[in-house]
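Residue numbers (full-length UniProt numbering): 1 to 309.
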C-alpha cells in the first residue's frame, strides 16, 4: 500500500512495529506509519489520501494497547512539528504532541496554573480528547479552544464548548485530529506552583507503579449513585477499590498482572502479549460485575486486530 500513498516531506514506513512506541511495549505493526514533518505536510497528505484508507492517530502511546495483529491502514504519529508551547500573560497554547508534564512546568514558570497536568502521562492531544484530570481539576476547567484537522486535510478552530467535554470523554468530529489546544489557567506564584507539582509527584510515586510498564489507569471510575439509586456523575467510587474488593489485586494472565501497588494499573510484568493484557482486563470486568453488579468501563484505548491476517 505504501507505494500508492501521497508523497510527503515527513516519513512513511511500511509494517512499522508499534510495540516500542507504546508504554505497554506490546502489539503488532502499523500497515504504514506516517510521521508528518509539520501541519502543512499532514494537510497535504490527508487531502490527497484515498478516503477509503483507514487512519488512526496516536501520540506517545501512554494510554494505548495496540492489539497483536497490528493496525491496518495509516497510523499517524505526531512528533516534533506538533509540540510547540506558546505562553502569553494569561494563556497557554500547546501542540498536540507536547507532553503534559512539559506544558505544566512551562506554564508554572510563567505563573500560570496547569499543575494538574504534571502527573498525567501522555501528550496534550490525548489529554484534550479524554478530558484528562486529577486532584479535582480537568482539562474542561481551563480549555478555551482547539485547532483540529479533519480527514480531508482542512483545519478548523473550535471553542471548547463544542467538544462537550465530560468525564474522560469528548465529542470530536469524525476523523478529527487535534493539532493544538489553548488554555486559560488561573494565575499563581511560580515558586508555589513548583512546590505543588513536587508534592504531587511524590504522592504519585508513593501510590502508583510509575516504574512499571503500564498505560495509566485501566478503567474509569464508576459513576456513583444518588440516594434514590439513580446513577449520577460524582465518580466518588474508585475503580481500584472495586477491583480490590473483588480480590483481583495481583491477578495474572500470561505476562499481564493487575498491579499489586495499585490494582487499577494493568501491567506488562514481562513477556505479556496485547491479548494477555486485554483478556485480563475483561476477566476483571466480568468478576467485578458478577460480585458487585458494577460495570467497569475501559479508560485505556484498545486498537487494531486481535490476530494478524
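Ideal placement from N, C-alpha and C gives every residue a C-beta, glycine not left out.
What do you reckon, are the CB atoms on residue i and residue j nearer than 7 Å?
{"i": "residue 145", "j": "residue 182", "result": "yes"}
{"i": "residue 72", "j": "residue 54", "result": "yes"}
{"i": "residue 185", "j": "residue 142", "result": "yes"}
{"i": "residue 23", "j": "residue 61", "result": "yes"}
{"i": "residue 268", "j": "residue 25", "result": "yes"}
{"i": "residue 245", "j": "residue 221", "result": "no"}
{"i": "residue 210", "j": "residue 265", "result": "no"}
{"i": "residue 272", "j": "residue 250", "result": "no"}
{"i": "residue 177", "j": "residue 13", "result": "no"}
{"i": "residue 43", "j": "residue 133", "result": "no"}
{"i": "residue 218", "j": "residue 120", "result": "no"}
{"i": "residue 208", "j": "residue 242", "result": "no"}
{"i": "residue 304", "j": "residue 63", "result": "no"}
{"i": "residue 85", "j": "residue 103", "result": "yes"}
{"i": "residue 81", "j": "residue 15", "result": "no"}
Tell me the DSSP secondary structure of residue i in three-state form.
{"i": "residue 209", "result": "coil"}
{"i": "residue 92", "result": "strand"}
{"i": "residue 22", "result": "coil"}
{"i": "residue 196", "result": "helix"}
{"i": "residue 232", "result": "In this predicted model, residue 232 has a pLDDT of only 44, less than 50, meaning its place in the structure is not dependable enough to derive any value."}
{"i": "residue 167", "result": "coil"}
{"i": "residue 157", "result": "strand"}
{"i": "residue 48", "result": "helix"}
{"i": "residue 241", "result": "helix"}
{"i": "residue 187", "result": "strand"}
{"i": "residue 112", "result": "strand"}
{"i": "residue 33", "result": "strand"}
{"i": "residue 73", "result": "strand"}
{"i": "residue 82", "result": "helix"}
{"i": "residue 127", "result": "helix"}
{"i": "residue 99", "result": "strand"}
{"i": "residue 145", "result": "strand"}
{"i": "residue 289", "result": "helix"}
{"i": "residue 226", "result": "Only weak support exists for where residue 226 lies, its pLDDT of 36 falling under 50; the value from the coordinates is given anyway. Here residue 226 sits in coil by DSSP."}
{"i": "residue 2", "result": "helix"}
{"i": "residue 281", "result": "helix"}
Distance, Cα to Cα, residue i vs residue j?
{"i": "residue 227", "j": "residue 17", "result": "Residue placement at residue 227 cannot be trusted, given a pLDDT of 35 that sits under 50; the coordinates are not used to answer."}
{"i": "residue 237", "j": "residue 105", "result": "30 Å"}
{"i": "residue 274", "j": "residue 27", "result": "6 Å"}
{"i": "residue 6", "j": "residue 31", "result": "15 Å"}
{"i": "residue 36", "j": "residue 248", "result": "42 Å"}
{"i": "residue 11", "j": "residue 29", "result": "16 Å"}
{"i": "residue 116", "j": "residue 197", "result": "8 Å"}
{"i": "residue 46", "j": "residue 155", "result": "11 Å"}
{"i": "residue 40", "j": "residue 107", "result": "27 Å"}
{"i": "residue 289", "j": "residue 194", "result": "41 Å"}
{"i": "residue 199", "j": "residue 205", "result": "10 Å"}
{"i": "residue 138", "j": "residue 131", "result": "6 Å"}
{"i": "residue 286", "j": "residue 20", "result": "30 Å"}
{"i": "residue 229", "j": "residue 48", "result": "Model confidence at residue 229 stands at a pLDDT of 33, short of 50, so the residue's coordinates are unreliable; what they give is reported in the following sentence. Looking at the two C-alpha atoms, the distance is approximately 52 Å."}
{"i": "residue 4", "j": "residue 308", "result": "22 Å"}
{"i": "residue 262", "j": "residue 270", "result": "17 Å"}
{"i": "residue 1", "j": "residue 172", "result": "28 Å"}
{"i": "residue 233", "j": "residue 9", "result": "Low local confidence applies: a pLDDT of 49 at residue 233 is under 50, so the model's placement there is unreliable, with the coordinate-based value given in what follows. If you take the alpha carbons of residue 233 and residue 9, they lie about 46 Å apart."}
Would you say the beta carbon of residue i comes nearer than 6 Å to a heavy atom of the ligand MN?
{"i": "residue 111", "result": "Looking for the ligand MN in the displayed structure turns up nothing, as the structure carries no ligands at all."}
Worksheet item: Is the region 94 to 103 close to the region 154 to 169, with three or more CB pairs under 8 Å?
Response: no
Worksheet item: Three or more beta-carbon pairs under 8 Å between the region 189 to 201 and the region 106 to 123, yes or no?
Response: yes
Worksheet item: Touching or not, the region 136 to 152 and the region 67 to 84, by the rule of three or more beta carbon pairs under 8 Å?
Response: Using a C-beta cut-off of 8 Å, the region 136 to 152 makes no contact with the region 67 to 84, since fewer than three inter-stretch Cβ pairs fall below that distance.
Worksheet item: How about the region 281 to 298 and the region 87 to 95: do they share at least three Cβ pairs that are nearer than 8 Å?
Response: no
Discussion item. Whether or not the region 260 to 280 and the region 56 to 71 are in contact is what I'm after, with contact meaning three or more pairs of Cβ atoms, one per stretch, closer than 8 Å; do they touch?
Written reply: yes
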